[in-house]
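This report refers to the structure that appears directly beneath it.
Residue numbers (our numbering), protein chains in the order written: chain E, 1 to 749; chain W, 1001 to 1288.
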């Protein structure tokens, strides 16, 4: 009996052993980013077992037969995972699946339904970060859109549809900032990866913006991304700068983002000038910036976001010998530009009909320029207020009532020359009258607007708006009616038009009693735009889109420099400035976008003219009159995380004023230029090809990226400027940047 | 504008100059090196600044080495400054106050001074009404009287130059500006004289005592400030090489004489000293 029982036990234990099963647990994460993969199927072969991951990417197999097996995960958009394993290995598993491509490149432009303003074009982060020739910069990327003129030289300013550079206003989350670029054009003052999108508003822009005859460049910071992970970040190093960004979750409803950059461009410059005993760099050029973002979803209806921006540029050098063409330019130079902004933004969705939004910008600007005997020291405190009440009166009618105010308290101590740049030709600093003063200035720009959007029928949308601005510098109260309309011709074709009046307050020096003309008023422009948007994709995700429009601007009361003597306060004095300028700009711009995976990109072309006139000069081509402006941008996703992209630009040469002779100024030891016809000569056409390669290496818990961005691959010698001999008897063309490669490395963790 | 200024300075310093552009201080073709104005009217005789109604002698310093004695003519005009410092073109043409100051053949250049030196002067009479209707700041700091001087050679080449004579209100008690004076031009600390071919020397200009005046001026906001002039010397040469084109009273420049002087003419170094307020003086030294 016992032996029979013993045999049975042996058989049972053998049977248990032969059919033993293990319990396996694990988690599926996206390779590199560690994002949990939720609700995907995990297969275990050859046992034909299947489990589905939960919201944290976790899965469990309760009974896996002992022995070797294979994990299989097949998910759309990801490389198939096939991995051998064995139940003999203990512990929970972590399975990483790799995305088919980590190199996004969309041809953007926010869809019609999302747009509040038909003049608005939006570049999202996926586009501007990878655009060849733009170095990942959002504002530089805008220069590839139609209607944006190319500015020569080293400037990166955005000139919109034949306007002047100072007619473009830049803001971050609706708050104006004093500079948008470090050192005049190297890179934007906010780290691109902290920017969600950049909006470009051109002719006919809406009533919620103003004070710019040209248009608006508006940077929108993004919310910290904590959707998939509690904390993440990256660092990068390239040939000019390095930086770091960290973002994470504070609790279930709040999060943060911190980013900062530091440039060591000065170290290279210092090395380059080491053996130059005429120039001694005392403070190597350097810049840094810091961006802090805090986001809090206070409750179901209220959202709070707070930005803190800080930027610093500094430079110092000693010129042992004066500049040969201008002897007063010598000695010790120092320049510092610092600003900070705290931007709290609050919004409340009261109900389905009403929404309130309020934001403010509080900060300080410091600008110090010391150049030998000449100095300009500005310390300014600024406050911006924006508020908007949105009310839906009916299913067809929605209104926004808003305020948009700027206050500025400035203390300025300066001794500067009345620098003359007539016709774009600078007169020597040495021969200019020096003016010295210490002034406390206060500027108040108050703006209110009322925007209405009325869906008149299934096809027609009408947008009548009114804005009223008051500018303290001129004491003017100015009404700006604006109107836009949209007609839906078909599901894929929309016609659009917009028009309005726009005013821009004069700059401080233009209305200053000491330096300008206190009688100067605000220049204005009438905008008109008529165009269409056609989507050939017909509901598909890939295909072609085409948009085109005609624009026109008529400028009035443009402020121009004047050396005339006028009677002011009973005394003859130099007029400085007046409102006697006029002008117009018009053209046709078109953009063709394509998403033909793996190829994507766009072609933009603008045919335009921009003219100016004043009492002393009959109609002439404006400095940025560019008849043809062609941009072709394309990217090819080669797979295996390789991407090749390129950009080609062709732009008509800018007009310039030739100097016909020089006159010797015996008091100042310089020659003063005698200008020929205003902008009567034209530089040769500009063309440039840029090329970029991106490669990512995806490790289990980190991603490494390397890019090579080569500007001006063909080393084209584009004339950017004309330079003259000391007496203007001889001249030479100065070319722009030669072939310029830059290499960068980025690590995401 | 402020950024433009500093950016331009940096770019100009770092950028390369075309090698075959003529050097500013190398003398060759026809040009004006300086124009010195000297007041003839008491109590400001000899000064570079004056009162309304004063008379001035204006002397151009001209160089025309390459053309070695070719005939030259001049034409001079005077007028109330149309606002050259504010961007107006430096011309009296079309100016209601314009007067002719003289014209004719240029005298004073010869092989003995390497065709480089002072030429015939013109006399300027300042209108008595020049300060009428001007602001307090203008009458204190001075309103300029413009003198234009155009040289033309026999080939038809014209060279234009101009000078401003500041005229201020005598009732303010402000001391008028004097022309600075060069007491000595030094080479390695001794008075500059002939230099051996190929030799290198440190050149410096020594100003006479009191040349760098302390002066008062009215700021744009109406306050009265004082400042002291910084004298600056410009060095011109017919042959050789120069390290720095301009020096102040505290520094020097290196001049290297040519390995071989031109056989058919002399060589000269010209020093022009300026006070930055219209005051000038010139010294020419034959070094070979």
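Glycine included, every Cβ here is placed at the ideal spot set by N, Cα and C.
So, under 8 Å CB-CB, residue i and residue j are touching, yes? Tell me the CB distance rounded to an integer number of Å.
i                      : j                       : result
residue 469 of chain E : residue 452 of chain E  : Going by Cβ atoms, the distance from residue 469 of chain E to residue 452 of chain E rounds to 19 Å, so no, they are not a contact pair.
residue 172 of chain E : residue 221 of chain E  : 7 Å
residue 295 of chain E : residue 259 of chain E  : Contact doesn't hold; Cβ gap of about 14 Å is too wide.
residue 674 of chain E : residue 1089 of chain W : 7 Å
residue 32 of chain E  : residue 102 of chain E  : 7 Å
Starting from residue i, follow its DSSP beta bridges and name the residues at the other end.
i                       : result
residue 753 of chain E  : As shown, chain E starts at 1 and ends at 749. That puts residue 753 of chain E outside it, with no answer to give.
residue 728 of chain E  : None, per the DSSP bridge assignment.
residue 744 of chain E  : E:238 and E:707
residue 124 of chain E  : E:197
residue 591 of chain E  : E:547 and E:604
residue 1079 of chain W : W:1146
residue 529 of chain E  : E:498 and E:551
residue 353 of chain E  : DSSP lists no partner for residue 353 of chain E.
residue 734 of chain E  : E:721
residue 60 of chain E   : E:25
residue 1118 of chain W : W:1061
residue 436 of chain E  : E:415
residue 749 of chain E  : Looking at the DSSP assignment, residue 749 of chain E forms no beta bridge with any residue, so it has no partner.
residue 409 of chain E  : E:381 and E:442
residue 332 of chain E  : E:318
residue 36 of chain E   : E:29
residue 655 of chain E  : E:682
In chain E, which residues lie with their C-beta within 8 Å of the C-beta of residue i?
i                       : result
residue 1280 of chain W : 666 and 667
Give me the Cα-Cα distance between residue i and residue j, rounded to the nearest whole angstrom.
i                       : j                       : result
residue 632 of chain E  : residue 687 of chain E  : 11 Å
residue 683 of chain E  : residue 719 of chain E  : 6 Å
residue 559 of chain E  : residue 579 of chain E  : 5 Å
residue 150 of chain E  : residue 624 of chain E  : 8 Å
residue 223 of chain E  : residue 400 of chain E  : 24 Å
residue 1224 of chain W : residue 1176 of chain W : 15 Å
residue 458 of chain E  : residue 396 of chain E  : 10 Å
residue 289 of chain E  : residue 270 of chain E  : 21 Å
residue 1207 of chain W : residue 374 of chain E  : 25 Å
residue 1022 of chain W : residue 602 of chain E  : 48 Å
residue 700 of chain E  : residue 253 of chain E  : 29 Å
residue 613 of chain E  : residue 168 of chain E  : 20 Å
residue 543 of chain E  : residue 250 of chain E  : 41 Å
residue 52 of chain E   : residue 67 of chain E   : 22 Å
residue 113 of chain E  : residue 514 of chain E  : Note that residue 113 of chain E has pLDDT 48, beneath the 50 cutoff, so the model's placement of it is unreliable and the number below is only indicative. So the alpha carbons of these two residues sit roughly 51 Å apart.
residue 1029 of chain W : residue 581 of chain E  : 41 Å
residue 1198 of chain W : residue 1237 of chain W : 14 Å
residue 27 of chain E   : residue 393 of chain E  : 50 Å
I want to verify the contact list: residues of chain W whose CB lies under 8 Å from the CB of residue i, in sequence order.
i                      : result
residue 574 of chain E : 1083 and 1086
residue 431 of chain E : 1084 and 1085
residue 439 of chain E : 1221
residue 514 of chain E : 1220 and 1221
residue 565 of chain E : 1082 and 1083
Which chain W residues are close to residue i, counting only those with a beta carbon under 9 Å from its beta carbon?
i                      : result
residue 435 of chain E : 1219 and 1220
residue 286 of chain E : None at all; the shortest Cβ gap to chain W is about 14 Å.
residue 618 of chain E : Correct list: empty, because the minimum Cβ distance to chain W is about 18 Å.
Find the residues of chain E that neighbour residue i, judging by a C-beta separation of less than 9 Å, and give them in chain order.
i                       : result
residue 1162 of chain W : 663, 664, 665, 666, 667 and 672
residue 1022 of chain W : 725, 726, 727, 729 and 730
residue 1032 of chain W : 664 and 666
How would you list, in chain order, the residues of chain E whose beta-carbon sits under 7 Å from the beta-carbon of residue i?
i                       : result
residue 1134 of chain W : 571 and 572
Residues of chain W with a CB under 7 Å from the CB of residue i: which are they?
i                      : result
residue 510 of chain E : Residues of chain W passing the Cβ test: none, with the nearest at roughly 11 Å.
residue 427 of chain E : 1087
residue 74 of chain E  : Ordered by position in chain W, no residue passes the 7 Å Cβ test against residue 74 of chain E, which lies about 58 Å from the chain.
>> Which runs of the alpha helix (DSSP H) at least 4 residues long sit entirely within the stretch 224 to 294 of chain E? Give them in chain order.
In response: You should have 265 to 272.
Please give me, in chain order, every unbroken run of the beta strand (DSSP E) with length at least 3 that falls completely inside the stretch 1204 to 1258 of chain W.
For the stretch 1204 to 1258 of chain W, the continuous beta strand (DSSP E) assignments of 3+ residues that do not extend past its boundaries occur at 1214 to 1218, 1224 to 1228, 1232 to 1237, 1246 to 1248 and 1253 to 1256, in sequence order.
> At which residue ranges does the stretch 687 to 714 of chain E contain complete alpha helix (DSSP H) runs of 4 or more residues, listed in the order of the chain?
Replying inline: DSSP runs (the alpha helix (DSSP H)) wholly in the stretch 687 to 714 of chain E: none.
4-residue-minimum alpha helix (DSSP H) runs that sit fully inside the stretch 136 to 188 of chain E, ordered along the chain = Counting only runs of 4+ residues, the alpha helix (DSSP H) found wholly inside the stretch 136 to 188 of chain E occupies 138 to 142, in chain order.
Item to check | Runs of beta strand (DSSP E) wholly within the stretch 41 to 92 of chain E (minimum 3 residues, chain order) | outcome: Listed in chain order, the complete beta strand (DSSP E) runs (minimum 3 residues) inside the stretch 41 to 92 of chain E are 41 to 45, 49 to 52, 58 to 65, 68 to 73 and 81 to 86.
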